[in-house]
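Accompanying notes for the structure given below.
There are 2 protein chains.
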Amino acid sequence: VVDVSARELAEDARLALLLEVAGTPKPGNVDRHRDHPDLHFEQFLAGAVGAGEGLAAAAEGAPVGEAFETAVAGMADRAGSNVQFGALMLLVPLVAAAADEDGAVTRQAAADVVVATTVEDAVGFYRAFDHVDVHVEDPPADAEAPDVRRGGDAVEDLRAAGLTLSDVLAASAEEGGVADDLTGGFERTFDAAEAIVDAEGPLADRASSAYLDLLASEPDALVAATHGPRFAESVRERAAEARQAGPDEVERLADQLVAEGKNPGATADLVAGGLFVALRRGVSV
Amino acid sequence: VVDVSARELAEDARLALLLEVAGTPKPGNVDRHRDHPDLHFEQFLAGAVGAGEGLAAAAEGAPVGEAFETAVAGMADRAGSNVQFGALMLLVPLVAAAADEDGAVTRQAAADVVVATTVEDAVGFYRAFDHVDVHVEDPPADAEAPDVRRGGDAVEDLRAAGLTLSDVLAASAEEGGVADDLTGGFERTFDAAEAIVDAEGPLADRASSAYLDLLASEPDALVAATHGPRFAESVRERAAEARQAGPDEVERLADQLVAEGKNPGATADLVAGGLFVALRRGVSV
């Protein structure tokens, strides 16, 4: 029974990644109808397949940091690029939380998984950066944790400082981003899940709708990191206006943001996490 | 090493299913840009995830019939419909053949897997029909094998007749279809693989191009079964003309066939098999 359940959890996480990228329109992100010039739909399909081993490890009770590194390594190997790093940051602890609860997944259980992370989980997290090129801002000079861009080279410093994955995430959490949701009790992830569960129609459409709601309500943390907080706020405003104006404007905004090279990836990551939770609550294609 | 290889084989088969449905334009089939009214893109994503357990079983050496039934049951459970039955008929023996050859896969090894099938493999094949609604024509009155639509109910008759899966497939093989390719040495599957390996550009595009080549060269067996051989030949002619006329005409034909409810699914199945072989030969996204 435990084996079957672990398989189902890993399958739900893989399907969450696939449904996330298939949702359209999803302004600024790769979706069923749009590629970025250097990031193609099929790389996301491959990434979801490659992340499978690490997601299965999380479902079978492997430590979160180790499962995350395995998932990222498999994703990067298959996709040839970083396509789902942030989504996996959410999915790995969510899968672990679901495994702890016989398949259900609550905000409390997910928060508990993050709180319970160890220094070795932080080590796995840092090592994951060796497999991909993730956009990370320069840390402040007085940063508590080693620069994540050092990857596995920072492991000794990390152990010496005795920092857990939870510590590291809290130190780096940008408002509205994935780390913020991980250390703040998964609020946006579960909001997205609820919106997906409550909506009707094809699952990928519900997910793109949840994406638009999130994008219109808070500045995307990846856009803030890559283009600055004012620009992220302008994307939020444009999303809110397009949402108000209707489907044609949303499609237009999707075309515009791709043309401008703006990628609200943090919002997409949160929706991937939300899809997993929604699948665990019984939605299906 | 054996475990890693089995995982890679199952991943390649899953990715083949995903890339197959993502290819566009693929006249008459669900693709990245088109759904059928009762068959949606996301059902194929879910089917590829659900088929994973059976594909992994094939990679780990489970009997072909048993692995096939598991794959079909998982696909049907996740997709809520039959989306990849024919593709799995090809993928399961191809995965088994690759496992027999340390990951490589040759036409000879694939043919050997089919020749070596047993009565119990035929039992698994019949039981797979219990999980889905597959279009099958009335068998001739003097048919050697029990009607596959009887599913698991035919198992005793099957054992009494001592028919292997290879026997059953040979008895039912419609020209140009999946069973025909399985019993005829996987010629079309490997032709598709070669075209995919030799082409350039995104893998899903190469696959849709291989699909069009196949569709233009031989009448689709599923169209022949559902609409008659003359209609299948007319679809072949239209595909050949569109291919000659260029991309705009191919897009138009894709719209037309979906509107007409014509689904050349056998050709798509052959391309899924071809994608798996191409992935084993080293292509990647």
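For the protein sequence lines, the chains are S and R, in the order given.
Residue numbering for the first sequence follows my numbering, starting at 1 and increasing by one per position.
Residue numbering for the second sequence follows my numbering, starting at 1001 and increasing by one per position.
Just so you know, even glycine gets a beta-carbon here, dropped at the ideal spot from N, CA and C.
Keep in mind that this is a model prediction, so the values were computed, not measured.
Legend: CB atoms of the region 1189-1223 of chain R lying less than 7 angstroms from CB atoms of chain S belong to residues Pro1202, Leu1203, Ala1204. Boundaries of the alpha helix (DSSP H) harbouring Ser1209 (chain R): 1203-1217, taken from the DSSP string. Short of 6 angstroms from the beta carbon of Glu218 (chain S), and not among the five residues preceding or following it, lie these beta carbons of its own chain, in chain order: Gly176.
The beta carbon of Glu1237 (chain R) sits no closer than 7 angstroms to any beta carbon of chain S. Rounded to whole angstroms, the gap between the alpha carbons of Ala1245 (chain R) and Gly1023 (chain R) is 20 angstroms. The region 1046-1115 of chain R contains, as complete alpha helix (DSSP H) runs of 4+ residues, the segments 1052-1059, 1064-1079, 1085-1100, 1107-1115 (chain order). Under the rule that a run must span 4 or more residues, the alpha helix (DSSP H) segments found entirely inside the region 1236-1274 of chain R read 1247-1260. Taking 7 angstroms as the cut-off, the beta carbon of Glu1020 (chain R) is found closer than this to the beta carbon of Ala1207 (chain R). Below 8 angstroms, enough C-beta pairs join the region 1111-1124 of chain R and the region 1153-1172 of chain R to call them touching: three or more. Taking the C-beta atoms as reference points, Thr70 (chain S) is found no nearer than 7 angstroms to Ala87 (chain S). Annotation: Cβ neighbours of Arg1014 (chain R) in chain S (cutoff 7 angstroms, chain order): Val49. At a cut-off of 7 angstroms, the C-beta of His40 (chain S) has a neighbouring C-beta in chain R. Only those residues of the region 70-96 of chain S whose C-beta falls short of 8 angstroms from the nearest C-beta of chain R are listed: Arg78, Ala79, Gly80. Beta-bridge pairing by DSSP links Arg34 (chain S) to S:Asp31. For the set S:Asp205, S:Ala145, S:His40, the Cα lying nearest the Cα of Arg159 (chain S) is the one of S:Ala145. Nearest Cα to Ala48 (chain S) within the set S:Ala216, S:Glu11, S:Thr183: S:Glu11. Residue pairing by DSSP puts Leu1039 (chain R) in a beta bridge opposite R:His1036. The closest CA to that of Thr183 (chain S), considering only S:Asp191, S:Ala173, S:Thr189, S:Phe190, is found on S:Ala173. The alpha-carbon of His131 (chain S) is positioned some 32 angstroms away from that of Gly1074 (chain R). For Ser284 (chain S), the C-beta contacts it makes with chain R under 8 angstroms involve Ala1046, Arg1078, Gly1080, in order along the chain. Under the three-state reduction of DSSP output, His1131 (chain R) falls in the helix class. Rounded to whole angstroms, the separation of the alpha carbons of Val283 (chain S) and Ala272 (chain S) is 14 angstroms. Across the structure, Glu60 (chain S) and Glu53 (chain S) are spaced so that their CA atoms are roughly 10 angstroms apart.
Across the structure, Phe186 (chain S) and Phe1190 (chain R) are spaced so that their CA atoms are roughly 48 angstroms apart. Taking C-beta atoms as the reference points, Arg34 (chain S) and Val258 (chain S) count as a pair closer than 7 angstroms. Using a Cβ-Cβ cut-off of 7 angstroms, Glu66 (chain S) does not count as an interface residue toward chain R, since no Cβ of chain R sits closer than that to its own. Ala1109 (chain R) places its beta carbon less than 7 angstroms from that of Asp1100 (chain R). In the displayed model, Pro229 (chain S) falls within a helix according to three-state DSSP. Cβ-Cβ separation between Arg1243 (chain R) and Ala1204 (chain R): approximately 18 angstroms, too far for a contact (criterion under 8 angstroms).
Under the three-state reduction of DSSP output, Thr1024 (chain R) falls in the coil class, being neither helix nor strand.
Sorting R:Arg1238, R:Gly1265, R:Phe1129, R:Val1105 by C-alpha distance to the C-alpha of Phe1044 (chain R) places R:Gly1265 at the top. For Arg1007 (chain R), the chain S residues whose Cβ falls inside 7 angstroms of its Cβ are Glu53, in order along the chain. Arg1280 (chain R) places its beta carbon less than 7 angstroms from that of Ala1098 (chain R). The distance from the Cβ of Gly65 (chain S) to that of Phe125 (chain S) is about 5 angstroms, consistent with a contact at the 8 angstroms cut-off. A residue is called buried once 16 or more other Cβ atoms fall within 10 Å of its Cβ, and Pro1027 (chain R) is buried on that count.
In the DSSP assignment, Thr1189 (chain R) falls within the alpha helix (DSSP H) that extends over 1187-1198.
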